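Quick note, the sequences are listed as chains C, H, L and Y, same order.
Just so you know, my numbering puts the end of the first sequence at 384, numbered straight through with nothing missing.
Just so you know, my numbering puts the end of the second sequence at 384, numbered straight through with nothing missing.
Just so you know, my numbering puts the end of the third sequence at 384, numbered straight through with nothing missing.
Just so you know, my numbering puts the end of the fourth sequence at 384, numbered straight through with nothing missing.
Just so you know, even glycine gets a beta-carbon here, dropped at the ideal spot from N, CA and C.
These numbers were taken from a predicted model, which means no experiment stands behind them.
Written out below as structure tokens is the structure these notes cover.
Number of protein chains: 4
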Amino acid sequence: MIISMRPHATREEIDHVCERIREFGYKVHSIEGEERVVIGVVGVGDVTACLESLEATPGVERAMRISAPYKFVSREFKKEHSAIRVNGLEVGGDEFIVMAGPCSVESERQIMETAEGVAAAGARMLRGGAFKPRTSPYDFQGLELEGLKLLRKAKEATGLGIITEIMSDRDVDLVAEYTDCMQVGARNMQNFALLKSLGGCGRPVLLKRGMSSTIKELLMSAEYIVAHGNPNVILCERGIRTFEDYVRNTLPLAIVPELHRRSHLPVVVDPSHGTGKSNLVTDMSKASVACGADGLIIEVHNDPAHAMTDGAQSLTPQQFADMMKAVKRIATAVDREV
Amino acid sequence: MIISMRPHATREEIDHVCERIREFGYKVHSIEGEERVVIGVVGVGDVTACLESLEATPGVERAMRISAPYKFVSREFKKEHSAIRVNGLEVGGDEFIVMAGPCSVESERQIMETAEGVAAAGARMLRGGAFKPRTSPYDFQGLELEGLKLLRKAKEATGLGIITEIMSDRDVDLVAEYTDCMQVGARNMQNFALLKSLGGCGRPVLLKRGMSSTIKELLMSAEYIVAHGNPNVILCERGIRTFEDYVRNTLPLAIVPELHRRSHLPVVVDPSHGTGKSNLVTDMSKASVACGADGLIIEVHNDPAHAMTDGAQSLTPQQFADMMKAVKRIATAVDREV
Amino acid sequence: MIISMRPHATREEIDHVCERIREFGYKVHSIEGEERVVIGVVGVGDVTACLESLEATPGVERAMRISAPYKFVSREFKKEHSAIRVNGLEVGGDEFIVMAGPCSVESERQIMETAEGVAAAGARMLRGGAFKPRTSPYDFQGLELEGLKLLRKAKEATGLGIITEIMSDRDVDLVAEYTDCMQVGARNMQNFALLKSLGGCGRPVLLKRGMSSTIKELLMSAEYIVAHGNPNVILCERGIRTFEDYVRNTLPLAIVPELHRRSHLPVVVDPSHGTGKSNLVTDMSKASVACGADGLIIEVHNDPAHAMTDGAQSLTPQQFADMMKAVKRIATAVDREV
Amino acid sequence: MIISMRPHATREEIDHVCERIREFGYKVHSIEGEERVVIGVVGVGDVTACLESLEATPGVERAMRISAPYKFVSREFKKEHSAIRVNGLEVGGDEFIVMAGPCSVESERQIMETAEGVAAAGARMLRGGAFKPRTSPYDFQGLELEGLKLLRKAKEATGLGIITEIMSDRDVDLVAEYTDCMQVGARNMQNFALLKSLGGCGRPVLLKRGMSSTIKELLMSAEYIVAHGNPNVILCERGIRTFEDYVRNTLPLAIVPELHRRSHLPVVVDPSHGTGKSNLVTDMSKASVACGADGLIIEVHNDPAHAMTDGAQSLTPQQFADMMKAVKRIATAVDREV
């Protein structure tokens, strides 16, 4: 920690701050500048509590954390890239993994046709929502248990592993029974009750970044899951909310190499939500593999114009097959298998 | 709804779109411009499903909703301003209601001293967190049941109504037993499982805007609670996330009159989270009452420099008392009681 | 400055960084933590150059400036609040100053009628654009010299001081001849050629914050004008660009007290651009005076529905008169004259 | 245009709006919905003036433009992709063009060494600033004319075309004499006086997006240059300002295919400013070529740790050579020459 005092802080204020720091078990290094005093804090203690306390102490201008607040998910904790096993595959290994499928499971015919389409084009996992987070209480909320059963059926037919969203800690056991990977949506990235319960769910978790969450907050949410017992977390970028209005979300791909630098966990990109426009998905998929993503999660629907949700950002199976060809060429150019 | 076709959409594409719209039960008005065709859609049907379907239909450039997607919370539904009863008070009535207290309940002494301090200065409700949403799994998570009991004790001593945060649908019954008003934090504004369960909780709900949620999303989340049976919702602005770095959050007060224009529900402002800096809280409180807010929710701690959470944005009881004096003067200038 | 080294920086890297710092004329205080080394830098030198150099030096994680980069505009440089004289008035003095008038000067009748209307209601300066920054090259670009002459005529008739926008360093002398205060628009806040030339213009300058500029950047742009010879700068907040879509811009009023804390310069708010909606202007004006602004700049048009620019955010003279009554009541409640 | 009336607009209000529209020379199509009236506007007229006027007319809820406000730069105006000739090269042609060099020209040795380094690695143009936009008046402002002369010297030695920034309309003739391409920085994207003067400068212009400008505003600024006589505009994305704090700017690459969809102009990406971190530049360069950019502009310095500006985001010539190898592999995978 570094504590920067106000320019005209008094000697009493400075002494009082140093005393407060020592109460938390730290050592103090005070640096007297021309204009102000800066205090370096060394040792082991409760950083957050100390910071918050100091920020409210008279004479303090700013209290800054220097070390990262996450441990288990950090690159310092584990040097090698983690490969997470999901249904016999490795996400984060040599293979670039594409997950694809509809936003919502709507009917047996829809999910079976889509699953077969994406499997034929090279997808390795099937996505599909049974519990849907909808902005409006009047919109379709998902088929729930019936949807989970249809996903299982699609898995039996195609061999594709299943990934589906979990929205409440109440449903963890139920969803875990049917799926290979639990997906946490952007709106639930800081639903801490849910994160804690996923620590014991026995399934890998794909954790999406919140639409205005910082990289630190994303890694702290992953830390919640790991600290509660589940080391198998896949990070997912799905776009952030900005002033840009030609896309539903702004997709900031620099987070992919930055996450790899800070963490050993695999990183997957969702260009469907990351743009909200089907005609931008292929180009952003190509960019994602080019900059080092470990995989993609893509919305594909056998008939987007009749989709109950997210039609505007869904590819047809044919468009998805074309996208896969383009992605494979780039994957080869970055020494990655698809 | 208005559907704008691409400049060179074909006659077949236009006809197909009109047909799709009629399938949803709507009537179609087609307008042929110099450059493109625009289609007006009239009638009653499933707007969201129709919009999403059309956005994925060939030839469509943009599909726009014209009418508001919320009903019960809208000003059209109820012309008069709603006053929500909480512990014998009315939020949204003539009186300007100030809720105050610590971020977290930490100890009996802390909550009792703070409660007495804020009551003496004119606060009408006591806030305090028993379940805490924390970015880090290693930080203090709240006293939970013990905290709820201490809040009840403070109520018995001071008569102040209690408002406290609810983080999971699992805890709704427990928290409802101890509190007068359920607070939904910004991170849970779209925790739809939680919103649904609050529909039946029997307590008024203070719903905070998410840090990157639109005004429409806030009203839709309020609509969830009302549509599930609970009409007693208080809206709360607590700041949004922007590029600004001198504050923890940016407080956009124009939302106060805009919410009043769109909705009959009361609107409260949280300048403590809305700035993150105790030295900005008083000025933003004054601005809030000046622009028409129905109340404030303020963090006050008997000893901010020893607070376990949010010390930097907490007022001391003395600072709070000074703030109340300033707020009262402005309240009088806008014909509001405090 | 504080330099935080990477966790596993080598001794050679640390020594090299210390050497680089000393080359810039600073002294070094090295703090050895459990996890990393942090280096405190003390003395006087070229901070920006040193920071940028260090950020590119191997082993460095982050280089942070502690002291403020501005001097003349800072509160440390001048303790008392500055009052800037404009046409016999003081902006930043005891009186709360309201500037009002149309977005663009359009015709003699329009500017004369509007000027008389706002003067009668209590405005103390007349705003009006002769050179207009327009997003489109095909839109009305202003009456230019003709507009300046009409402004002078309106001044002669009403006695109101004139404030008008300057868009290019080429026009500084011309505009200075006709106006009492030079206005720099948000799009030109970092037009450094213009800022430099305003240092010698002989008129006070009202400097609007850029729509995504930080508080530091605003103060640095003010510093440009002062450092080039003109100490008479009025700061103006006019809203920032965020994801919010019910307003043209988001008006973050906490910047008002924060600017007062950091700088001695007066602060004025523009709620017309700050919201983009005439029906939000009055409430935001009330909030501005409540939180300590020194004045307002308001768009008023004698016939908004026939305005050539910004009709949607312009008040009628009658609406403006009503607003002034409300503003006066709040001004009294914060011990300010209007 | 589409005009959406308020739910309870009166018949008089609706008639008055229709009359106003006809005054502008348009035809009116009125659609009576269950809840409100929507008015379609057809014909040719002054769209902006009409929209602004209507937004201020009683009873109107929202007035929306449907057609794009730009003409010459639009894909509708010119179907084929434009290739802009610069110093014998084509930007926007088959070849993927990399421009590289230091942020600022600092000395003869620096610019010559860097120019030779980037030329050897495959760069096709040399960038370097002689006039520098600096946040602080106390920071290095560029070598100005001396810098331009050094750039010419580097061109003579290496054959690389020169691109350098122009900051004021006063300097257009001077800069045009020394450079092959005029660069407009993000802070000047809406410096309309400068844009107009570039219409007659006789050199192609690389126009960077402002850090909070919309895609429409970028294209309108390009339209300014074209409408004033210069069709040779290259668009450049250099990152936007968001809440993200691990980068200096957020690089939103989906704008690349979206610009190609809307405009025939070439699109170049600046990942140096687009991230602000040298260790992210290579990955973002790879992503840029993968998603269809026509070129890159990269900061390279022969000795970043001693750079006077932007050291933290500059590559060394060796890092740049490695980057070029990676970029070439991806270019091949998208059928592009380097």
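Across which residues does DSSP place residue i in a beta bridge pair?
i               : result
M51 of chain Y  : Y:V106
Y115 of chain Y : Note on residue identity: the sequence assigns Pro, not Tyr, to residue 115 of chain Y. Partner(s): none; P115 of chain Y has no beta bridge.
G341 of chain C : C:I143, C:V314
R131 of chain C : C:E136
C227 of chain H : H:I209
G175 of chain Y : Y:S150
L265 of chain C : Paired residue(s): none; L265 of chain C is not in a bridge.
S120 of chain C : C:S309
I280 of chain L : L:L252
Determine whether the beta carbon atoms of residue i and residue j lie at a separation below 8 Å.
i               : j               : result
A232 of chain Y : R249 of chain Y : no
G207 of chain L : D226 of chain L : yes
P312 of chain Y : D340 of chain Y : yes
I209 of chain L : Q229 of chain L : yes
E235 of chain C : N295 of chain C : The sequence given here has Met at residue 235 of chain C, not Glu. In this structure, N295 of chain C does not lie closer than 8 Å to M235 of chain C by Cβ.
L253 of chain Y : C282 of chain Y : yes
I1 of chain C   : V314 of chain C : Here chain C has residues from 47 to 384 only, and residue 1 of chain C is not among them.
G320 of chain C : R287 of chain C : no
Using a cut-off of 7 Å between C-beta atoms, extract the partners of residue i located in chain H.
i               : result
F289 of chain Y : R287, T288, F289
For a contact meaning CB atoms closer than 9 Å, what does residue i contact in chain L?
i               : result
S258 of chain H : T288, F289
E122 of chain C : P53, H54, E81
For residue i, which residues in chain Y fall below 7 Å Cβ to Cβ?
i               : result
G414 of chain C : The shown model of chain C, from 47 to 384, leaves out residue 414 of chain C, and the question about it has no answer.
P312 of chain C : The contacting residues do not exist; P312 of chain C stays about 16 Å from chain Y at best.
L326 of chain C : A300, P303, E304
Which chain C residues sit within Cβ distance under 7 Å of residue i?
i               : result
P298 of chain Y : E290, T296, L297, P298
G338 of chain Y : D329
P350 of chain H : A102
V293 of chain Y : A300
Y270 of chain H : P183
Note down, in chain order, every chain Y residue with its Cβ under 9 Å from the Cβ of residue i.
i               : result
S153 of chain L : Simply none; closest approach about 14 Å.
In chain L, which residues lie less than 7 Å from residue i when you measure between Cβ atoms?
i              : result
I48 of chain C : I48, V84
G79 of chain C : V88
Between residue i and residue j, which are expected to be in contact by the criterion C-beta below 8 Å, what is the C-beta distance as a whole number of angstroms?
i               : j               : result
S360 of chain L : H347 of chain L : 4 Å
T398 of chain L : G105 of chain L : Residue 398 of chain L is absent from the model: chain L starts at 47 and stops at 384.
E269 of chain L : P183 of chain Y : 6 Å
V302 of chain H : S267 of chain H : That pair is no contact at about 17 Å.
Y224 of chain C : L194 of chain C : 4 Å
T204 of chain L : A239 of chain L : That belief does not hold up - the Cβ atoms of T204 of chain L and A239 of chain L are roughly 34 Å apart, past 8 Å.
Can you name the residues of chain C whose CB is closer than 8 Å to the CB of residue i?
i               : result
Q266 of chain H : The identity of residue 266 of chain H in the sequence shown is Met, whereas the question assumes Gln. Neighbours of M266 of chain H on chain C, chain order: T181, S182, P183.
Chain H partners of residue i, CB-CB under 9 Å?
i               : result
M213 of chain C : N237, F238, A239
I112 of chain Y : I48, S50, G79, E81, R82, V84, E107, R108
So residue i contacts chain L; which residues on that side make the cut at Cβ distance below 8 Å?
i               : result
D356 of chain Y : E98
T321 of chain H : A300
For this session: Mind the definition here: the region 365 to 372 of chain H touches the region 59 to 79 of chain L only if three or more C-beta pairs lie below 8 Å; say whether that holds.
Result: These segments do not touch.
Exercise. Using 8 Å as the Cβ pair cut-off and three pairs as the minimum, do the region 111 to 130 of chain Y and the region 76 to 94 of chain Y touch?
Worked result: The region 111 to 130 of chain Y is in contact with the region 76 to 94 of chain Y.
Exercise. Taking contact to mean at least 3 C-beta pairs separated by less than 8 Å, is the region 114 to 122 of chain L in contact with the region 130 to 146 of chain L?
Worked result: Fewer than three pairs of CB atoms, one per stretch, sit closer than 8 Å, so the region 114 to 122 of chain L makes no contact with the region 130 to 146 of chain L.
Exercise. Does the region 120 to 132 of chain Y touch the region 317 to 328 of chain Y, meaning 3 or more C-beta pairs lie closer than 8 Å?
Worked result: Counting Cβ pairs under 8 Å, fewer than three are found: no touch.
Problem set entry | Three or more C-beta pairs below 8 Å linking the region 149 to 163 of chain C and the region 350 to 357 of chain C | Touching, yes.
Exercise. With contact counted as at least three CB pairs below 8 Å, one residue from each stretch, are the region 72 to 88 of chain Y and the region 159 to 172 of chain L in contact?
Worked result: No, they do not touch.
Exercise. Does the count of Cβ pairs from the region 241 to 258 of chain H and the region 275 to 282 of chain H closer than 8 Å reach three?
Worked result: The region 241 to 258 of chain H is in contact with the region 275 to 282 of chain H.
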